Amino acid sequence: MPAVQETIDQVRQIDVDQYKYGFETIIETDKAPKGLSEDIIRFISAKKQEPEWMLEWRLAAYRRWLTMEEPSWARVDYPQIDFQDLYYYSAPKTAAGPKTLDEVDPELLATYEKLGIPLREQEMLAGVQQSKIAVDAVFDSVSVVTTFKEELKKAGVIFMSISEALREHPELVRKYIGSVVPTSDNFYATLNSAVFTDGSFVYVPKGVRCPMELSTYFRINDQNTGQFERTLIICEEGAYVSYLEGCTAPQRDENQLHAAVVELVALDDAEIKYSTVQNWYPGDKEGKGGIYNFVTKRGDCRGRNSKISWTQVETGSAITWKYPSCILRGDNSRGEFYSIAVSNGHQQIDSGTKMLHLGKNTSSRIISKGISAGQSNNTYRGQVSAHRKAANARNFTQCDSLLIGDRCGAHTVPYIEAKNASAQFEHEATTSKISDDQLFYCLARGIPEEEAIALIVNGFVKDVIQQLPMEFAVEAQKLIGISLEGSVG
Amino acid sequence: MLEIKNLHARIAESGTEIIRGLNLKVAAGEVAAIMGPNGSGKSTLSYVLAGRDGYEVTEGDILYNGESILDLEPSERAAKGIFLAFQYPVEIPGVATMQFLKVAINEQRKARGEEELKTPDFIRLVRERAAELKIEPEMLKRALNVGFSGGEKKRAEILQMKLLEPNLCVLDETDSGLDIDALKIVADGVNALRAPDRAIIVITHYQRLLEHIVPDTVHVLYQGQVIKSGDKSLASELEAHGYADIIEAAA
Amino acid sequence: MNIQSKPTLTPAEQGLIDAFVAKVSDLPGDAELTAHRDRLIAQLTETGLPSRRIEAWHYTDLRTLLKSVPGPQPAGAADALPPIAPNALILPLLQGTHVQPAAADGLTCTSLQERLLAGGASETLQPLGRDDAIGMINSAFVTDGYVMSLDSEAELAPILELQAVQDGGQAHGRFEFEANAASRATILERHARSGDSAGLTSSVSVLKLAENADLTWIILQDRGADDVHLGQLRAELAEGARLRLFVINTGGHLVRQEVVVKVEGEGAHFDLRAINLLAGQGHTDVTLSIDHSAPHTTSEEVVRNVVLDRARGVFQGQIRVAREAQKTDAQMACNTLLLTDEGEFDAKPELEIFADDVICAHGATVIDLDPAHLFYLTARGISEKVARQLLINGFVDELLDELDNEELADVLKRRVEDWLDRHV
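Residue numbers (the numbering used here), protein chains in the order written: chain A, 2 to 490; chain B, -15 to 235; chain C, 558 to 981.
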């Protein structure tokens, strides 16, 4: 398998510094004053020329948030966040709505090039046999550019930043925003509702199969800046879209906050495939710095026979608190969650999913692979529940953890809730280390230990990698190898 | 003993009609073979006879000793003496074979208003019958059909038949998965049950089993109907020429 | 933002406090113990009973579910029952009061009351942490029980039947059992109801297994359909010790049985076989927490649940493996037959692993009876009711085959069959 070879090469090339996306872009930014207040929210809303109802919506969320408590049930430990010590809006100065790529600050383009995300369409097309991917690039608080807009428009697909969508398609945004993750949902989601600055908006009309993969690339650059993006994807009856999300941040000593909300709506017979490769800066070897990643992702299978599939590869962030979920409301709807979570160093991950079976004949599948190394803690937390009326609800969950070294922790916390006789739930979980036999076999064939581990880990996560679109799969495998660098010996 | 009249039956969930106007008569003392290609409705017929959930009779009737059995539960049909030897006997973990046999025998006796069998009598009876079928006593200690080989499962089915002494035996593809030795044991078991007051229906795809259980009549099932009936020579004819000729002739 | 207003007391909380006020002068113990009991009740007044916001009580919101508590006095007298275990040595605890400490070869036994009166007992009456409501209630209210010790190398020939029989009111009992090195015994902890009145019980059993001790402990909870049973078993296993625990729940309206096991000695082994037969309107929770803190330890749990009517069942099982506990093998399975649309079952099997060279796994399933199985049985003339009983029995019965004492296994199997006869 060529990808495995690539991973090995990648691991071999690794130097001391493991995080290759840790550079900073020096660019002039336009910032709101530090801190959070109704005025700051009015400032953000005004900057974005939002309709009045949006401002009211934000303010209502903010007032609600003031009454809420930060959740403490997750197995993550971090010093209290001072929400007044953050910038809630930071935008590259030149980014105020560039019409074409030529208007985009060359520093920014260079940044994305360095990240391996080509934003120039002709460059993308020049790539050898690479399939087309439309990209929305979000830098700190704002979307800097969205590619392939015209071509998508021909198909009737709307793909733009959510700020733009609020101006151009306010009726669509208003109809769906907050309909999956209500503003009162949880501490971080409510905060996001009050202060979100940008994100992507996708609308695929009835019967349309989106002609290319859509992708958003998030980059936190600025110091002390919270990134709060909001993504909304709507697939009308019989529509299909595959959406990819990638994230990186510079290496900094202080922690940065990222609290995103992603809402997916699938109507009758629609399908949404959402893939994430999350590689925020995880902090250094001593556990200093890194992103706090508190994300609410939820999909609503609103229509009959609809399907939502989440695939995630989580290798970054100091703290991850993330449970991409599916509400299986429509009869015969299906939810899937495929996850690889790799933790090393001092990383803490508490991630998993919720599958809420409400409609009849709904089914779900959860495959979670956790790999803990270093002094990290890696928790799978997942809820599967079948409502009284969810006749014939089906779930299968397979949840495996791999420990590398004896200073890390791997935890599994499933919540299985069945409320009708026809529900069938099956849950399996295992925790083990890399088998000595497997390792010895590789060593005996002359493969060095580190590479042998990469090989075995690749085998361990294969079921999930297969769910990713091709380009992402290769990327993800490399990333896992890199993340585990230095975990043995 | 059995009369099937213009039977139409479908799978409840999908509504697919499998049995489409089937007529069949089997008299007491008769061994009738039902042969047919895959998908002709053989297994469905056996399930409809035994009363399995999930199949709907939309038209026609099944008369057993002159009475319709369509409204009877599977257990009531069994108590009246209808026995289905399954093509794939299910494994039931946790339920011991001996316990199952005892409950089955006594429930049937109870339904017929007979005395329950006393435990020592029951054990003696099972041992005798099992020995005739070369079933090891150890096998009876295990959970029902769990870990039984294909041949053991089929022998266990015949053992149940011997113990329950039904009037109408329906053998669904009993030969599938059997080697020649097991096939002979099973066939001997069935032949021993041939009696003037008992009818046996042998459902099979191949003629092989019929060399050992020689039928009185042979019926060819195709697309949910009996398209040809005859004596045992019909089976040999099928073996020699396949189903195609008969299907064509019937079309 | 962390301002928590003190919750107003629920009728049940108030009832417990009132019962304490009424009983406190009669509770055995010296001044120190009384002060200790006071502190526990003050804590209860402060925090209230645990609600679903407390993770350990997520599925059993005691604050909501415990609507009221009966007064402290029993409704009537309770008599010792004939033993269910053949030739058993009975230690009855009637309405929470001991009868006479019995003795057998190698076994010494005193009443807990005696120990409480002797002073210095508050040390041993401690909850296992802030969220341990059962430990808190029991420590505050406990009046009596038995303190047993089995000599080194001794093998207790008869089964010891601890019989907690109650008719209404409240009873708070405690059994302490010390199995010294290489001793062996089988103990049946039986909770039964006599009379017609609803009662509240708290019961804590504390087991200490020394090196190579080998205990089989069976908890049979068969209380009335309107009784509240709060049980807790704590066990510590030293090197090479072996505890085989069976938990059988067939009664009660609100039941929580906690099992807290510390596998502390190298090579120690714990296993659990639990059968929860749930019918009516009952709520039954089995919550298990196992700590492996030494290398080469093993544990294996199999929990089988049958849910009928409007019953609700909960299983929480947490396996923790400490960094030092390399080569641990821990396996847990929770299988449920959920047989009605009005019933509910919630499972939360948890693994918390800090050692890398381990094999740990859990599995959980919730299913209905297999229609193919039902058809097979009914096609053999077995009525649907009997077929269902057979299948359900087959699902739970095999766990009892693992009891070494066949006679006792047969008795318990008959009780399972009787229950199925009454409820299926």
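Idealized CB from N, CA, C, for every residue including glycine. Being a predicted model, the structure only gives us computed values, none of them experimental.
| Asked | Found |
| --- | --- |
| Which same chain residues, not among the five before or five after C/A659, have their C-beta less than 8 Å away from its C-beta? | L646, I647, L648, C666 |
| Under three-state DSSP, which class holds A/G208? | coil |
| Take C/S990 as the anchor and find which of C/G676, C/D662, C/V656 has the nearest alpha-carbon. | This structure gives no information on residue 990 of chain C, because the portion of chain C shown stretches from 558 to 981. |
| Between the Cα of A/V266 and those of A/W54, A/V475, A/V203, A/D31, spot the shortest distance and give me the residue it belongs to. | A/V203 |
| Do the region 695 to 707 of chain C and the region 751 to 766 of chain C meet, that is, are 3 or more Cβ pairs less than 8 Å apart? | yes |
| Evaluate the contact criterion for the region 739 to 755 of chain C versus the region 772 to 782 of chain C: three or more CB pairs, one atom per stretch, below 8 Å. | yes |
| Within 8 Å, do at least three Cβ pairs link the region 11 to 22 of chain B to the region 182 to 197 of chain B? | yes |
| Ends of the beta strand (DSSP E) at C/Q888? | 886 to 895 |
| Could you round the C-beta distance between A/S377 and A/N345 to whole angstroms and report it? I think they count as a contact, below 8 Å. | 6 Å |
| Can you tell me whether A/S484 is buried or exposed? The criterion is at least 16 other CB atoms within 10 Å of its CB, across all chains shown. | buried |
| Determine, using beta carbons only, whether C/A936 comes closer than 7 Å to chain B. | yes |
| From C/N806 to C/I832, what does the alpha carbon distance come to, in whole angstroms? | 6 Å |
| A/A138: beta carbon under 6 Å from a heavy atom of the ligand HEM? | Ligands in the displayed structure: none, and consequently the ligand HEM is not present. |
| Identify the contact partners of C/E941 in chain B, using a Cβ-Cβ distance below 9 Å as the criterion. | E57, P58, S59 |
| List, in order along the chain, the chain B residues whose C-beta lies closer than 8 Å to that of C/Y933? | F70, P73, V74, I76 |
| When DSSP builds the beta bridges, which residues end up paired with A/V242? | A/I273 |
| In whole angstroms, what separates the C-alpha of B/G38 from that of B/E(-3)? | 7 Å |
| Among A/E51, A/T432, A/R446, which has the Cα closest to the Cα of A/D438? | A/R446 |
| So what's C/H840 in DSSP terms, helix, strand or just coil? | strand |
| DSSP beta-bridge partners for A/W322? | A/F295, A/D351 |
| For B/T81, name the three-state secondary structure that DSSP assigns. | helix |
| How would you label C/V578, buried or exposed, when you count the other beta carbons within 10 angstroms and need 16 or more for buried? | exposed |
| Quick one: list the residues of chain C neighbouring B/V79, beta-carbon separation under 7 Å, in chain order. | L947, L948, G951 |
| For B/P121, count neighbouring C-beta atoms within 10 Å of its own C-beta (all shown protein chains included) and say buried if the count is 16 or more, exposed if not. | exposed |
| Just list the beta strand (DSSP E) runs in the region 719 to 802 of chain C, keeping only unbroken ones of 3 residues or longer that don't cross its boundaries, in chain order. | 726 to 736, 741 to 750, 756 to 766, 771 to 779, 785 to 794 |
| Answer with buried or exposed for C/P629, where buried requires no fewer than 16 other C-beta atoms within 10 angstroms of its C-beta. | buried |
| Can you pull the DSSP bridge partners for A/I481? | BP columns for A/I481 are empty, so no partner. |
| Classify A/K298 as buried or exposed, calling it buried when 16 or more other Cβ atoms lie within 10 Å of its own Cβ. | buried |
| Candidates A/G336, A/E214, A/R64: which alpha carbon is nearest A/A135's? | A/E214 |
| If we ignore side chains and look at the alpha-carbon of each, how far apart do B/V41 and B/T0 end up? | 12 Å |
| May I have the straight-line CA-CA distance separating A/K420 from B/R36, to the nearest angstrom? | 27 Å |
| State the DSSP-derived secondary structure class of A/C400, mapped to helix, strand or coil. | strand |
| With distances taken between CB atoms, is the gap from C/G653 to C/A728 smaller than 7 Å? | yes |
| Can you pull the chain B neighbours of C/H786, defined as C-beta to C-beta under 7 Å? | None at all; the shortest Cβ gap to chain B is about 27 Å. |
| What did DSSP end up calling C/P568 once you bin it into helix, strand or coil? | helix |
| Just checking, does the region 94 to 111 of chain B make contact with the region 954 to 973 of chain C on the three C-beta pairs under 8 Å criterion? | no |
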